[in-house]
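S.K.: For the sequence shown, this note's numbering gives the first residue as 17, with consecutive numbering after it.
Following this message is one structure expressed as structure tokens.
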Amino acid sequence: VTGVQTCALTIWIRRDDMRLIRGLTGRLNSVFWIVFSTRAAVVRYCQVLDAALYKVRPETYFHRESLDNLEETHHEGFVLKGDEGSGKTTVLQHIAMRLAREALAKPHEQRKAAATPKKQPEALATPQKPDGETEKPKEPRVPVLIPGRDLLPQPLSESIRTHMNAYSWMSRSRIESLMQAGRLTLLLDGVDECPNRERLTTELHKFRHDFPGNQVIVSARPYIPFSLDPLPEFDIKPMTPAEIEEFLKL
17 VTGVQTCALT IWIRRDDMRL IRGLTGRLNS VFWIVFSTRA AVVRYCQVLD
67 AALYKVRPET YFHRESLDNL EETHHEGFVL KGDEGSGKTT VLQHIAMRLA
117 REALAKPHEQ RKAAATPKKQ PEALATPQKP DGETEKPKEP RVPVLIPGRD
167 LLPQPLSESI RTHMNAYSWM SRSRIESLMQ AGRLTLLLDG VDECPNRERL
217 TTELHKFRHD FPGNQVIVSA RPYIPFSLDP LPEFDIKPMT PAEIEEFLKL
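This is the structure we're talking about:
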């Protein structure tokens, strides 16, 4: 074998090695994204949450037109009050499912950064927008649905981690980064079942102070003295005859 042939063979082997290295690098990058990426962790979490909510209440059961898109018009959050059986849990589950699916959507399918103003739902009163309300984050929000009876005695931040990890494990630092980025929508269902509402109110004010930008949505029965200033409060009106008829068909 001549020197020229040896050189050519060496170059060919090196090129082949480089192709192999590039292929391995691409695979390693894919594995790294799947295992370590915050985006991947959010996707896994939202997939499991969406599946769990779908089993509890099929999508058609969630729909109540007068209460749709409420979380889009109140980026800081709100307090939703209604009698037992009025649909508070259904509304919060609907919001959680919709947000989970938005987080799973492709970037061009996610909600637009500037929301189009919508007509205020007839089922709710019309409060003034609080001063200094922050805009929603550019990245999709991540819903965290926690029943009121499961709140406390542990700190609120620990309750958030516990309920997120119940669906899909996520590291403490990753959950902390989501809170710091203001990407969580915290859905507390039935705070009247919380054993210590006074402490919960303190925890929520602290959470909103320490992690501004996160959305806090709370439901409670109307006779429970619970407020979360400056978040607006809404009362769910009874279902109309047409809504009752549609509901009974499901």
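No residue lacks a Cβ here, since even glycine has one placed at the ideal position from N, Cα and C.
Keep in mind that this is a model prediction, so the values were computed, not measured.
(1) Are Val95 and Leu244 closer than 8 angstroms when you measure CB to CB?
(2) Should Asn212 be labelled buried (16 or more other beta-carbon atoms within 10 Å of its own) or exposed?
(3) Please report the distance separating the alpha-carbon of Met255 from that of Pro248.
(4) If Leu200 and Val158 are in contact, beta carbons under 8 angstroms, what's the gap, nearest whole angstrom?
(5) Where do the N-terminal and C-terminal ends of the beta strand (DSSP E) with Thr201 fall, by residue?
(6) For Val232 and Gly93, which I take to be in contact (beta-carbon distance under 8 angstroms), what is that distance rounded to the nearest angstrom?
(7) Could you name the residues of the same chain whose beta carbon sits closer than 6 angstroms to that of Pro171, not counting the 5 residues immediately before and after it, in chain order?
(8) Excluding the 5 residues preceding and the 5 following Pro133 in the sequence, name in chain order all residues of the same chain whose CB lies nearer than 6 angstroms to its CB.
(9) Excluding five sequence neighbours on each side, which residues of the same chain lie with their C-beta closer than 7 angstroms to the C-beta of Lys58?
(10) Which partner residues of Lys97 appear in the DSSP bridge assignment?
(11) Which of the three DSSP states, helix, strand or coil, is assigned to Leu120?
(12) Which word fits Gln109, buried or exposed, when buried means at least 16 other C-beta atoms lie within 10 angstroms of its C-beta?
(13) Just to confirm the assignment, what range does the alpha helix (DSSP H) spanning Leu220 have?
(14) Restricting to Cα atoms, I'd like to know which of Met195, Arg188, Thr106, Val64 is closest to Gly229.
(15) Is the distance from the Cβ of Leu203 to the Cβ of Ala112 below 8 angstroms?
(16) Flag this pair as yes or no: are the beta carbons of Gly164 and Glu209 separated by less than 8 angstroms?
(17) State buried or exposed for Ile252, treating a residue as buried only when at least 16 other CB atoms are found within 10 Å of its CB.
M.R.: This is what the structure holds:
(1) Yes, the pair counts as a contact, with Cβ atoms nearer than the cut-off.
(2) For Asn212, the number of other beta carbons within 10 angstroms of its own is below 16, and it is reported as exposed.
(3) The alpha-carbon of Met255 is positioned some 21 angstroms away from that of Pro248.
(4) About 6 angstroms; that satisfies the 8 angstroms criterion.
(5) In this chain, the beta strand (DSSP E) harbouring Thr201 covers 200 to 205.
(6) Yes, they are in contact, since the Cβ atoms of Val232 and Gly93 sit about 4 angstroms apart, within 8 angstroms.
(7) In its chain, beyond the 5 residues on either side, no residue has a beta carbon closer than 6 angstroms to the beta carbon of Pro171.
(8) Since pLDDT at Pro133 reaches only 43, below the 50 mark, its modelled position is unreliable, and the value read off the structure follows with that caveat. Excluding sequence neighbours, Pro133 sits near nothing in its chain.
(9) Correcting the residue identity first, residue 58 is Val in this sequence and not Lys. The residues Ala119, Val158, in chain order, have a CB closer than 7 angstroms to that of Val58 in the same chain once the five nearest residues on each side in sequence are set aside.
(10) DSSP output for Lys97 lists Ala236, Asp251 as bridge partner(s).
(11) Under the three-state reduction of DSSP, Leu120 is assigned to helix.
(12) Residue environment: Gln109 is assigned as buried (16 or more neighbouring CB atoms within 10 Å of its CB, all protein chains considered).
(13) Counted as a single uninterrupted DSSP element, the alpha helix (DSSP H) harbouring Leu220 occupies residues 213 to 226.
(14) Looking at the Cα atoms, Met195 is the closest of the given residues.
(15) Against a cut-off of 8 angstroms, the Cβ pair of Ala112 and Leu203 comes out as a contact.
(16) Yes, the Cβ-Cβ distance between Gly164 and Glu209 is below 8 angstroms.
(17) The residue is buried, with at least 16 neighbouring Cβ atoms inside 10 Å.
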